[in-house]
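Worksheet: the structure to be examined is printed underneath.
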Amino acid sequence: VSDTNQHVKSALASVIMGLSTILGKDNTVEHLLPLFLAQLKDECPEVRLNIISNLDCVNEVIGIRQLSQSLLPAIVELAEDAKWRVRLAIIEYMPLLAGQLGVEFFDEKLNTLCMAWLIDHVYAIREAATCNLMKLVEKFGAEWAQNTIVPKVLGMANDPNYLHRMTTLFCINALSEVCGQDITTKQMLPVVLKMSNDQVANVRFNVAKSLQKIGPVLDSNALQTEVKPVLEKLDTDTDMDVKYFAQEAISVLALA
Numbered sequence: 001v002s003d004t005n006q007h008v009k010s011a012l013a014s015v016i017m018g019l020s021t022i023l024g025k026d027n028t029v030e031h032l033l034p035l036f037l038a039q040l041k042d043e044c045p046e047v048r049l050n051i052i053s054n055l056d057c058v059n060e061v062i063g064i065r066q067l068s069q070s071l072l073p074a075i076v077e078l079a080e081d082a083k084w085r086v087r088l089a090i091i092e093y094m095p096l097l098a099g100q101l102g103v104e105f106f107d108e109k110l111n112t113l114c115m116a117w118l119i120d121h122v123y124a125i126r127e128a129a130t131c132n133l134m135k136l137v138e139k140f141g142a143e144w145a146q147n148t149i150v151p152k153v154l155g156m157a158n159d160p161n162y163l164h165r166m167t168t169l170f171c172i173n174a175l176s177e178v179c180g181q182d183i184t185t186k187q188m189l190p191v192v193l194k195m196s197n198d199q200v201a202n203v204r205f206n207v208a209k210s211l212q213k214i215g216p217v218l219d220s221n222a223l224q225t226e227v228k229p230v231l232e233k234l235d236t237d238t239d240m241d242v243k244y245f246a247q248e249a250i251s252v253l254a255l256a
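As structure tokens, then:
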């Protein structure tokens, strides 16, 4: 662990977690846990990454209570790591962790982090965070999403930064199916339709793409009375990309 060569430390980090299944719970807690914690704080990003990528081995051995007490503070710290690949590894680990911690613990300790990733400056992180939300809704259910996630996601539709406004659309694309028709029609659709008036063309053409994506979740009445007029309006847009994606959505949803 204290070797000066980062390649040695990185190699150790990639195998040390596997020892927990051989050593058992007591030995892991006593001997390995302090080493994990030291490596999670290592200055070399590869070392931190290798430990995070293998955390599920330790979960199985020491149990989630011990893990949450000892490792969770370090995980929370790494969620804001300067290296985006470390942040990405934490995001990818999140659905597994959430499932083991349970919904109450997750809401208390980790929900804020998951929302913060949606406005990360790195696109790959925003994309992974969107996918992460979908997996969380699959675990915790549509009602949880309606009360916890959806209001925060929809609130970003008014963000001054157009990239954050687009993230709202990407989240709606990912969440509409798992949230179901009722939530999509009553809560998400009005926001998407309103965003068709956005001043940024990139947002407007993503509105057309979102309407195409969520269309199959909506009933025919919503498609005809709400979606179709907005797509027809976007079809007359001055921006060529907006027109293109509006026409594509009209065609795919058979609204012509």
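In the UniProt record's numbering, the protein residues as written are 1 to 256. Using N, Cα and C, we set each Cβ at its ideal position, and we do this for glycine too.
Residues of its chain near residue i, where Cβ-Cβ distance is below 6 Å and the 5 sequence neighbours each way are ignored
i, result
"Asp-237", "Lys-243"
"Asp-241", "Phe-205"
"Asp-198", "Arg-204"
"Lys-39", "It should be noted that the sequence gives Gln, not Lys, for residue 39. Contacts found: Ala-13, Val-47, Ile-51."
Any chain C beta carbon closer than 8 Å to residue i
i, result
"Tyr-93", "No chain C is present in this structure, which holds just one protein chain."
N-terminal and C-terminal residue of the alpha helix (DSSP H) that residue i is part of
i, result
"Met-134", "123–140"
"Asp-159", "It is not in any alpha helix (DSSP H) - Asp-159 carries neither H nor E in the DSSP assignment."
"His-7", "6–16"
"Asn-147", "Segment: none, Asn-147 is in no alpha helix (DSSP H) and carries neither H nor E."
"Val-47", "45–53"
"Asn-111", "111–117"
"Pro-229", "228–234"
"Asn-206", "201–214"
Classification of residue i by the beta-carbon crowding that lies within 10 angstroms, buried from 16 upward
i, result
"Thr-28", "buried"
"Asn-206", "buried"
"Lys-9", "buried"
"Ile-250", "buried"
"Arg-20", "A small correction: the amino acid at residue 20 is Ser; Arg does not occupy that position in the sequence shown. Result: buried."
"His-225", "First, the residue type needs correcting, since residue 225 is Thr and not His in the sequence shown. Exposed: under 16 other Cβ atoms inside 10 Å."
"Thr-130", "buried"
"Ala-98", "buried"
"Lys-186", "exposed"
Cutoff 7 Å; reference residue i; Cβ partners in own chain excluding five residues on either side
i, result
"Ala-128", "Leu-88, Ile-91, Glu-92"
"Cys-44", "Gln-6, Lys-9, Ser-10"
Integer Cβ distance of residue i from residue j, believed to fall under 8 Å
i, j, result
"Leu-110", "Met-94", "7 Å"
"Val-76", "Met-17", "Actually they do not touch by this definition, with Cβ atoms about 19 Å apart."
"Met-115", "Lys-152", "5 Å"
Close Cβ partners of residue i (< 8 Å) along its chain, the five nearest in sequence each way excluded
i, result
"Gly-63", "Lys-25"
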